[in-house]
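Heads up, the thing below is written out as C-alpha cells.
Residue numbers (full-length UniProt numbering): 1 to 60.
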C-alpha cells in the first residue's frame, strides 16, 4: 500500500511542478500526459530482462 501512496505523492508533486513551470514559462507549456509518458519511457529503459518473469515463469 505504501508503494501506491508513494506513486500518488510523486504524481501530485509532478503536477505542482508542471503548474509552476507553465506559470513561469508560458511559451513552453507542458502537461501531465507528456510527463507520464516520460516516466513510462524512463522505467522501460531501466527494465532489466534478466529479472523479468512471465506469469511466474522465469525464462532461462
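For each residue, glycine too, the CB sits at the ideal point set by N, CA and C.
Contacts around residue i, its chain only, beta-carbon distance under 8 Å, and the 5 residues preceding and following it disregarded
i, result
"residue 27", "none"
Length of the line joining the Cα atoms of residue i and residue j
i, j, result
"residue 23", "residue 29", "8 Å"
"residue 13", "residue 37", "16 Å"
"residue 11", "residue 25", "20 Å"
"residue 18", "residue 39", "14 Å"
"residue 43", "residue 20", "25 Å"
Cβ-based neighbour list, residue i, same chain, cut-off 7 Å, excluding 5 preceding and 5 following
i, result
"residue 8", "none"
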